[in-house]
Amino acid sequence: MRIDLDANATTPVLPEVLEAMQPFWRESYGNPSSAHQSGRRTRGAVEQARIAVASLLHCSPKEIVFTSGGTESDNLGLCGVLQPFLDKRDPAHLITTQIEHHAVLFAAESLERRGIEVTYLKTDCNGVVRPEDVEAALRPHTKLVSVMLANNETGAIQPVGKIARIAKAHGALMHTDAVQGAAKLPIDLSGEFKNVDLLSISGHKIYAPQGTGALFVRQGIDLAPLFHGGPHERQRRAGTENVPGIVGLGRAAELAQQRLASGHTQALMQRRDRLEQGLLSAIPGATINCAGAPRVPNTTSLRVEGVNAEAFIIALDLQGIAASFGSACMSGAAEPSHVLAAMGLTSPEALATIRLSLSSLTSDEEIDCALKIIPAVVERLRSVA
Ligand code: PLP
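Last residue of the sequence shown: 394 in the working numbering, with the numbers rising by one and none dropped.
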């Protein structure tokens, strides 16, 4: 039996999602921009998916731009807002954090190289950005604040609603990378997040296919496109739509909404908590990073004193458990995670940390099995160290 404890890296496509996509490969394959029947059918399917994604996020379908995933959504959000300020004499300033995914961090660095001033905030020791630090970092010319909703490595939930209020009061726009928060937490862009202007999601973290995603762009916000081409997505994202992928994302959004309403996430959290308690009691010197922070219900950042994370991941893989070293994008790199460093962990502590992330499909039996395998692997690694 293989146990997938790496759902923050990617999730499988749910059968209902695959079923919804199926007709759009060979039967209904029209270009949604075509005026004929076949095109009108796929246009209808794309617009249905837009309604489903908007419903999950509590916004208007007009505010949803389909993209190729979280990375593109983040780049479109940041660069789309700040592009008009490049090469201008007037200064522009972006506030973001040191715990962002590289899709935000590297976009910010690229903007910085082109003249945008950027502040990268640290977090507290629980991996949470302090709203007062955002307030203190504001400058008269701060145009955008970008703080993620939930961290991909630790699961720590950031006070995005509060930070968005601060940005709004200052006249700056607010972007949040909700790739790891969507479908795990309720997101209400007309309520708690009414001051959020841009929000990124990714399909393959919510049981839709890889290479799908969306950016919420609040009505009235001008966004410079990343790509130049046709007038697709209301001039915000040129390129013929990935119809099967978009349909899959829409179906995944509907299913996510049902799971959120049904108490499924509480069951997921109970499973995750049982895993954590079992590991803490069976492994001497084990700690859960960010345990003191509000966290998404599926993520565990496990630190085991004296155990090298890379060796740990390989040994777990040999025993049938997929886990990850920091974020998926850093797998294989023996560098301490920038996220763990930003919350004050030392290099040895960061290099002794692995990430276990459950999916909605993780079963109680798999947790039982993991609770047998993981402590045994630690014992073996320690005995040969
Ligand atoms: N943002 C966060 C927080 C992520 O975890 C990821 C992927 O791991 C991304 C952005 C990038 O998303 P995608 O893989 O869809 O490009």
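Quick reminder that beta carbons are idealized off the backbone N, C-alpha and C, glycines included. If you're wondering where the values come from, they're calculated on a predicted model, not measured in any experiment.
For M157, the CB falls within less than 8 Å of some heavy atom of ligand 1. Residue pairing for R260: DSSP places it in no beta bridge. Secondary structure in the region 262–321: the beta strand (DSSP E) runs of 3 residues or longer, each lying completely within the stretch, are 295–297 and 308–313 in chain order. At a threshold of 8 Å, H213 counts as near ligand 1, since its beta carbon sits closer than that to one of the ligand's heavy atoms. Contact check for G287 and R11: beta-carbon distance about 20 Å, past the 8 Å limit, so the pair fails to qualify.
Taking 8 Å as the cut-off, one finds no heavy atom of ligand 1 near enough to the beta carbon of A351. At the C-beta level, S82 and S209 come within 9 Å of one another.
DSSP places V127 in the strand class (E or B) of the three-state scheme. A straight line joining the alpha-carbon of E374 with that of E25 spans about 24 Å. Collapsing the DSSP output to three states places M352 in coil.
Sequence-distant partners of S37 (beyond 5 residues in either direction) whose C-beta falls short of 6 Å from its own C-beta, in its chain, are R50 and T51.
The region 299–307 and the region 374–391 do not touch, with fewer than 3 CB-CB distances between them shorter than 8 Å. The C-alpha of L95 is placed about 6 Å away from the C-alpha of R123. Per DSSP, A101 lies in no beta strand (DSSP E) segment and is marked neither H nor E. With contacts defined as CB atoms closer than 9 Å, Q228 and S69 qualify as a contacting pair. A direct Cα-to-Cα measurement between A295 and I125 gives close to 42 Å. Boundaries for I196: no beta strand (DSSP E) harbours it, and the DSSP string shows neither H nor E there.
Apart from sequence neighbours up to five positions away, the residues of its chain that approach S199 with a beta-carbon distance below 8 Å are H67 and C68, ordered along the chain.
Between L130 and D142, the CB-CB gap stays under 9 Å. Look at K152 here: in three-state DSSP terms it is strand. Every residue whose beta carbon comes nearer than 5 Å to a heavy atom of ligand 1 appears here in chain order: G78, G79, T80, H110, A112, N161, D186, V188, Q189 and S211. If you draw a straight line from the Cα of A178 to the Cα of L153, it comes to about 12 Å.
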